[in-house]
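Okay, structure first, notes after.
Residue numbers (the working numbering), protein chains in the order written: chain A, 157 to 339; chain B, 157 to 339.
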């Protein structure tokens, strides 16, 4: 069972400093629709700043219960999968309560080089049991070292045609879900 | 040789009427980065409204030559692939001039049912010759019938886990390029 999370802290900025990034409206829209298409049980947006979480909830409420829910029913359906949390620990606790098991965490990054599992290996792992897994995507210039070190698994990066590895996180989530879930 | 185009006219709105959609900033960013990652020779944004094209060129200039070009070099590299055109015919003419052959057109849509080529078939076709192909993605609620009827090929749709088929065009481009180019 695969959950996904979009991490806004701790992540790196362009100068390599650990920062909190802002929640982008389009990340909620595009990734919730992906989560719905690929049949995921939940999509978590993680941000420690209360004002950021409040703003994200306002957007979500518009599409779940406000005018957006009647204007666009398919968007409502997708938004029902989104939850906003303050920390990765909160997400793990919620999944553990739902499933009876703490999820195994899997980090993704364009820069991972060693000790990675392949897309195919993750596909097989997901099919082999009914345990929860949490696939974590970063924002800014990527997930901070402490999160990578504490993760249970690292997923192999998407390699482009050349050396260019600067996909939008929205694109990376689309490609990774398609390669891992093979629907 | 695969070019891609994002069509803003003629496309359908939610009521099934043929309309012109607006160019979304994020469509330029995300899809140009995808085009660069997958080694495509060009990404065309098609819109018949001059004010829309002017605005898109302003955004592109910022990242190609303005402050954006020094702030983020990887974005500059991606934006060099983007061209804004008024019509599909203009795009086909430009590719024909560059390549010596008019491109074969391939339409994509979540609703195509009959007469589609598979992702694998397109992969093999692209590898088997050096001719230009133009893969067309729609905006709004999809490409208008006249464009679908006049296309040389139709590409099979992305099928989700269930009946939900409402991906963002940005997500659809990511998944289709990954399935077709298999890098």
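For each residue, glycine too, the CB sits at the ideal point set by N, CA and C. A quick note: this is a predicted structure, and the numbers were derived from the prediction, not measured.
- DSSP places residue 261(B) in the uninterrupted beta strand (DSSP E) bounded by 260-263.
- In the structure shown, residue 314(B) adopts coil according to DSSP, grouped into three states.
- In the structure shown, residue 205(A) falls within a coil segment according to DSSP collapsed to helix, strand and coil.
- For residue 248(B), the uninterrupted alpha helix (DSSP H) segment begins and ends at 244-255.
- When rounded, the separation of the alpha-carbon atoms in residue 282(B) and residue 291(B) is 12 Å.
- Out of 213(A), 173(A), 165(A), the CA that lies nearest to the CA of residue 185(A) is found in 213(A).
- Excluding sequence positions up to five before and after residue 192(A), its CB lies within less than 7 Å of the CB of 233, 234, 237, all in the same chain and listed in chain order.
- Residue 221(A) sits exposed, since fewer than 16 C-beta atoms from the chains shown fall within 10 Å of its C-beta.
- Think of a sphere of 8 Å around the beta carbon of residue 192(B): the chain A residues whose beta carbon falls inside it are 316, 320, 322, in chain order.
- Put simply, the backbone Cα of residue 178(B) is about 44 Å away from that of residue 253(A).
- Contact annotation: residue 200(A) and residue 260(A) have beta-carbon atoms that are not nearer than 9 Å.
- Judged by DSSP secondary structure, residue 161(A) falls within the beta strand (DSSP E) whose first and last residues are 158-163.
- Taking the CA atoms as reference points, residue 266(B) sits about 36 Å from residue 258(A).
- When rounded, the separation of the alpha-carbon atoms in residue 324(A) and residue 334(B) is 14 Å.
- Out of 204(B), 264(B), 284(B), 211(B), the CA that lies nearest to the CA of residue 247(B) is found in 204(B).
- No Cβ of chain A is located within less than 9 Å of the beta carbon of residue 312(B).
- Apart from sequence neighbours up to five positions away, the residues of its chain that approach residue 296(A) with a beta-carbon distance below 7 Å are 167, 168, 169, 175, 177, ordered along the chain.
- Residue 226(A) and residue 314(B) have their C-alpha atoms spaced approximately 26 Å apart.
- DSSP places residue 215(B) within a helical segment (H, G or I) once states are collapsed to three.
- Between the alpha carbons of residue 318(A) and residue 196(B) lies a gap of roughly 11 Å.
- Contact annotation for residue 265(A) against chain B: no contact, minimum CB-CB distance about 15 Å [criterion: below 9 Å].
- Your pair residue 299(A) and residue 158(A) does not check out as a contact, with CB atoms roughly 18 Å apart and the cut at 8 Å.
- Those residues of the stretch 215-240 of chain B placed with their C-beta closer than 9 Å to a C-beta in chain A are 227, 228, 230, 231, 233, 234, ordered along the chain.
- Under DSSP, residue 291(A) takes part in a beta bridge, and its partners are 160(A), 262(A).
- Counting only the Cα atoms, residue 202(B) lies some 12 Å from residue 180(B).
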